[in-house]
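Okay, so here's the structure we're looking at.
Protein chains: 2
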Amino acid sequence: MNDSSKKFSKATIIDIAKVAGVSYSTVSRVANNFAYVRPSTRARVLAAMEQHGYVANPHARSLHRGKSGIIGLLVHTLSTEYIGEIVRGVEDEIAQYEYDLMLYTTHRHQGKETQHVSTITRGFADGLLLVVPMGRENYLDALRESNFPHVIVDEGEADYKSPSVGITNRKGIYDATRYLLGLGHRRIGFISDKMKVNTAVDRLKGYKDALAEFGVEYDPALVLEDDFVRPQPRIITETLLRVGSPPTAILINNDPIAFRVMEILRHEHGLRVPEDISVVGFDDISMASLVYPRLTTVRHPLYEMGQAAARLLMERIDDPDLPPQHIQLETELVVRDSCHDLHQAMEMAESDIVKPIERRNGREPSSPRKR
Amino acid sequence: MNDSSKKFSKATIIDIAKVAGVSYSTVSRVANNFAYVRPSTRARVLAAMEQHGYVANPHARSLHRGKSGIIGLLVHTLSTEYIGEIVRGVEDEIAQYEYDLMLYTTHRHQGKETQHVSTITRGFADGLLLVVPMGRENYLDALRESNFPHVIVDEGEADYKSPSVGITNRKGIYDATRYLLGLGHRRIGFISDKMKVNTAVDRLKGYKDALAEFGVEYDPALVLEDDFVRPQPRIITETLLRVGSPPTAILINNDPIAFRVMEILRHEHGLRVPEDISVVGFDDISMASLVYPRLTTVRHPLYEMGQAAARLLMERIDDPDLPPQHIQLETELVVRDSCHDLHQAMEMAESDIVKPIERRNGREPSSPRKR
DNA sequence: ATGAAAGCGCTAACAT
DNA sequence: ATGTTAGCGCTTTCAT
Chain A
1 MNDSSKKFSK
11 ATIIDIAKVA
21 GVSYSTVSRV
31 ANNFAYVRPS
41 TRARVLAAME
51 QHGYVANPHA
61 RSLHRGKSGI
71 IGLLVHTLST
81 EYIGEIVRGV
91 EDEIAQYEYD
101 LMLYTTHRHQ
111 GKETQHVSTI
121 TRGFADGLLL
131 VVPMGRENYL
141 DALRESNFPH
151 VIVDEGEADY
161 KSPSVGITNR
171 KGIYDATRYL
181 LGLGHRRIGF
191 ISDKMKVNTA
201 VDRLKGYKDA
211 LAEFGVEYDP
221 ALVLEDDFVR
231 PQPRIITETL
241 LRVGSPPTAI
251 LINNDPIAFR
261 VMEILRHEHG
271 LRVPEDISVV
281 GFDDISMASL
291 VYPRLTTVRH
301 PLYEMGQAAA
311 RLLMERIDDP
321 DLPPQHIQLE
331 TELVVRDSCH
341 DLHQAMEMAE
351 SDIVKPIERR
361 NGREPSSPRK
371 R
Chain B
372 MNDSSKKFSK
382 ATIIDIAKVA
392 GVSYSTVSRV
402 ANNFAYVRPS
412 TRARVLAAME
422 QHGYVANPHA
432 RSLHRGKSGI
442 IGLLVHTLST
452 EYIGEIVRGV
462 EDEIAQYEYD
472 LMLYTTHRHQ
482 GKETQHVSTI
492 TRGFADGLLL
502 VVPMGRENYL
512 DALRESNFPH
522 VIVDEGEADY
532 KSPSVGITNR
542 KGIYDATRYL
552 LGLGHRRIGF
562 ISDKMKVNTA
572 VDRLKGYKDA
582 LAEFGVEYDP
592 ALVLEDDFVR
602 PQPRIITETL
612 LRVGSPPTAI
622 LINNDPIAFR
632 VMEILRHEHG
642 LRVPEDISVV
652 GFDDISMASL
662 VYPRLTTVRH
672 PLYEMGQAAA
682 RLLMERIDDP
692 DLPPQHIQLE
702 TELVVRDSCH
712 DLHQAMEMAE
722 SDIVKPIERR
732 NGREPSSPRK
742 R
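First to last, the protein sequences are chains A and B.
Here this note's numbering is used: the first residue of the first sequence is 1, the next is one more, and so on.
Here this note's numbering is used: the first residue of the second sequence is 372, the next is one more, and so on.
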């Protein structure tokens with residue numbers, strides 16, 4: 001409004017109309033590529049637009065059209081590859097529809113703010129993507145009531161009231177658990193997100209199913225709930241190692257936490273992975289194949305999930321009355337080097353003087369220089 | 372505009388005015404918390420707003436005010452912790468000013484599109500943050516010409532025409548190189564981003580300065596330029612190992628690439644880090660302390676950089692005529708376990724039968740199970 | 001093929 | 001303390 005801000009205020013449709021010597025509705029026609037504009041007129045308008053670097057004010061346009069070409073994305077944080085990959089999928093998909101992305105981080109809009117998020121988004125964006133595993137009930141209801149186009153990303157099987165995209169969580173963990181059981185492991189630690197999170201429930205089921213199938217009794221002492229937003233890998237690890245008959249393998253429902261557990265196992269407990277203890281992660285982020293030992297994990301198709309969610313949202317923006325749909329993508333067990341075959345280990349032990357238990361503190365990490 | 376979309380179109384200021392039995396300017400006054408509204412009237416309006424879940428249409432508001440409360444963020448990709456941390460800093464900072472974030476990914480708006488980005492952003496957002504190390508000349512000029520508030524994030528020392536935030540790149544690498552030299556290394560590989568990127572130039576300078584200080588001759592064969600957008604760690608590594616007198620240490624200007632190089636060194640060349648070859652990274656992302664061996668690297672204050680950039684931008688939105696300013700944040704060498712002390716190694720070798728050269732393929736990674 | 005004019009929802013003078 | 005009104009910049013009938 002003040003003078004200095006005028007400096008970068010763009011030419012309006014009226015300015016262009018004046019320069020081109022036409023009415024501003026004609027400029028609008030040219031800008032929107034409508035038919036029935038005489039080629040010579042069009043050229044003149046185009047020239048004027050070019051000259052002044054004209055571009056339509058998106059707010060005015062949105063105001064009139066009643067839609068903005070923007071979709072909102074609600075996430076907890078951006079600092080993880082997990083979310084980065086999802087956003088990449090979303091971005092690539094909506095680019096085809098010429099949509100743009102508005103970012104909302106939930107930790108800002110806390111408490112009563114959480115409700116505002118949906119309200120803010122409503123009216124500003126044409127649709128909303130939610131990557132928020134919990135604490136969303138209040139505004140989810142509001143979104144459904146007002147029939148505002150939205151899609152939940154990475155949803156479990158519990159709640160299909162809203163359209164959503166997810167993965168085969170149960171099967172993913174089922175496969176991983178079976179794999180460990182197949183290697184001879186019977187005491188398998190399970191580090192899970194809070195059971196408030198739907199996907200965590202599904203995954204625990206996969207764990208139990210596999211155990212049952214192998215006739216292994218389910219031991220609650222081996223199942224630890226952590227808050228994946230603020231994980232406590234040290235506490236979790238120590239708790240698990242202190243269990244009466246400690247686990248020979250740990251299934252951790254999140255790669256980054258698995259990395260931290262491995263680090264703790266190695267540097268604070270002198271345990272080797274996989275020789276002394278096996279580790280399996282979940283997500284298969286890029287680091288999984290770069291750590292040492294390379295992490296065996298369950299691939300989570302994050303990019304594809306983002307794409308699918310965006311596509312679903314586009315459909316619902318077109319027709320908000322579509323019945324809620326849930327898309328489920330396939331996981332895949334990726335076997336790398338972080339698990340030990342106990343059968344093989346047995347044979348070794350028989351022809352070996354070193355017993356497994358003695359190995360534990362046998363080898364310190366080389367060159368333990370301080371930070 | 373069609374019927375179904377009406378379903379979630381919110382009540383307007385006029386609807387509320389009717390319900391509350393006042394004029395809509397009064398509603399506006401209440402919505403904007405103006406004085407001089409009789410408490411009873413205010414209460415009535417508030418009730419009506421509550422009842423209908425009223426929230427002002429942001430486009431109408433922006434249109435009128437001439438500003439939107441939005442800042443644009445232009446990044447290449449979101450899939451890295453690097454960018455995630457920056458965005459987190461930005462987010463936290465702008466939240467205090469009640470600004471929101473609009474995301475633009477450059478790989479979408481390529482070629483002539485790149486120009487559109489600035490034009491789109493102009494008029495829609497009140498300011499723009501750029502995390503784009505290269506290929507931005509065209510629109511940067513346009514931004515400066517129109518005096519549109521913008522800040523370049525992670526800028527080197529070459530270009531202070533635009534306001535920017537960066538780090539002590541030269542010193543960061545200078546410290547790291549000195550550290551390696553201090554450990555006795557004389558052949559130090561240097562893997563850098565393209566020299567088109569300003570920061571890469573600064574860093575190379577730091578490398579050369581340290582070398583000169585130790586009287587070590589600069590060998591161009593040890594300096595490899597890679598494209599950090601599409602890195603080729605395998606090629607780089609092999610090239611470096613094939614140099615006549617190969618490096619005993621490698622300085623890699625990016626942690627994720629350092630992780631990949633370490634993996635390649637280990638699994639494809641049977642080399643141990645740090646015993647056979649030392650590695651230093653740059654950025655100190657969270658994984659640096661979780662890999663094995665823990666990575667010695669240069670800390671890049673990403674979060675703080677995001678904050679500083681956002682703060683600078685806020686200032687410039689307030690007063691676009693401020694002279695361009697450059698903020699430089701401090702780096703810090705973080706010593707962990709990925710570097711070997713050659714002096715120490717010498718002593719060892721003398722009292723050891725195993726010569727360094729023989730060690731090279733001496734130890735395969737344990738349990739080399741296939742993926 | 002083009003111009004005139006209404007209106008999208010809101011804010012901010014200007015009245016009263 | 002509240003109502004009236006003129007835009008903000010654009011799209012879109014409706015005329016011509």
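Virtual Cβ for every residue (Gly too), placed ideally from N, Cα, C.
Asked, Found
"Starting from the beta carbon of residue 494(B), find every residue of chain A whose beta carbon is closer than 7 Å, and list them in chain order.", "10, 55, 57, 58"
"Assuming the contact rule is C-beta atoms closer than 8 Å, residue 94(A) and residue 130(A) should be a hit. Round their C-beta distance to whole Å, please.", "Wrong, their Cβ atoms sit about 15 Å apart, outside the cutoff."
"Closer than 9 Å, CB to CB, is residue 395(B) near chain A or not?", "no"
"Is residue 179(A) buried or exposed, if buried means 16 or more other CB atoms sit within 10 Å of its CB?", "buried"
"Got a sec? Which residues, its chain only, sit under 6 Å from residue 197(A) by beta carbon, not counting five neighbours each side?", "133, 134"
"Using 10 angstroms around the beta-carbon of residue 545(B), count the other beta-carbons present and answer buried if the total reaches 16, otherwise exposed.", "buried"
"Which chain A residues are close to residue 524(B), counting only those with a beta carbon under 7 Å from its beta carbon?", "Simply none; closest approach about 14 Å."
"Under 7 Å Cβ-Cβ, which residues of chain A neighbour residue 566(B)?", "Going along chain A, no residue has its Cβ under 7 Å from residue 566(B), so there is no contact; the nearest lies around 26 Å."
"Between which two residues does the beta strand (DSSP E) containing residue 668(B) stretch?", "667-670"
"Apart from the five residues just before and just after residue 128(A), which ones in its own chain have a Cβ nearer than 6 Å to its Cβ?", "72, 121, 150"
"Indicate the three-state DSSP secondary structure (helix, strand or coil) for residue 382(B) in the structure shown.", "coil"
"Quick one, which residues of the segment 426-460 of chain B are near chain A if we go by CB-CB under 7 Å, in chain order?", "426, 428, 429, 430, 431, 433, 434, 437, 439, 448, 449, 450, 451, 452, 455, 456, 458, 459"
"Exposed or buried, what is residue 538(B) when buried is set at 16 or more other beta-carbons lying within 10 Å of its beta-carbon?", "buried"
"Residue 658(B) touches chain A at which residues, Cβ-Cβ below 9 Å?", "256, 259, 287, 290, 291"
"How many angstroms separate the CA atom of residue 729(B) from the CA atom of residue 211(A)?", "Residue placement at residue 729(B) is flagged as unreliable, the pLDDT there being 36, under the threshold of 50; a coordinate-derived value is accordingly withheld."
"Along chain A, in chain order, which residues have C-beta atoms closer than 9 Å to that of residue 473(B)?", "70, 100, 101, 102, 103"
"To the nearest angstrom, report how far apart residue 376(B) and residue 74(A) are at their CA atoms.", "Summary for residue 376(B): the model assigns pLDDT 36, below 50, so the residue's position carries little reliability, and this model does not support an answer."
"Based on Cα-Cα distance, which residue from 574(B), 654(B), 516(B) lies nearest to residue 529(B)?", "574(B)"
"Checking 9 Å against the spacing of the C-beta atoms, do residue 165(A) and residue 139(A) come in under that value?", "no"
"Of the choices 677(B), 681(B), 657(B), whose alpha-carbon is the least far from that of residue 670(B)?", "657(B)"
"For residue 653(B), report the span of its alpha helix (DSSP H) as first-last.", "Looking at the DSSP string, residue 653(B) is not in any alpha helix (DSSP H); the run it does join, the beta strand (DSSP E), is 649-654."
"Kindly provide the ranges of any alpha helix (DSSP H) runs that are 4 or more residues long and lie completely inside the segment 465-516 of chain B, ordered along the chain.", "484-495, 508-516"
"Drop a sphere of 10 angstroms on the beta-carbon of residue 422(B), count the other beta-carbons inside from all chains shown, and report buried for 16 or more, exposed for fewer.", "exposed"
"If we ignore side chains and look at the alpha-carbon of each, how far apart do residue 308(A) and residue 604(B) end up?", "31 Å"
"With a threshold of 16 other CB atoms inside 10 Å of the CB of residue 615(B), please say whether the residue is buried or exposed.", "exposed"
"Can you tell me whether DSSP reads residue 190(A) as helix, strand or coil?", "strand"
"Output yes or no for whether 9 Å exceeds the beta carbon distance between residue 340(A) and residue 274(A).", "yes"
"Indicate whether residue 449(B) and residue 27(A) have their beta-carbon atoms separated by less than 9 Å.", "no"
"Are residue 561(B) and residue 593(B) close, meaning C-beta to C-beta below 9 Å?", "yes"
"Quick one: is residue 474(B) buried, meaning 16 or more other Cβ sit within 10 Å of its Cβ, or exposed?", "buried"
"Should residue 735(B) be labelled buried (16 or more other beta-carbon atoms within 10 Å of its own) or exposed?", "Its pLDDT being 37, under 50, residue 735(B) is placed unreliably by the model, and the measurement read from it follows with that caveat. With fewer than 16 Cβ atoms within 10 Å of its Cβ, residue 735(B) is classed as exposed."
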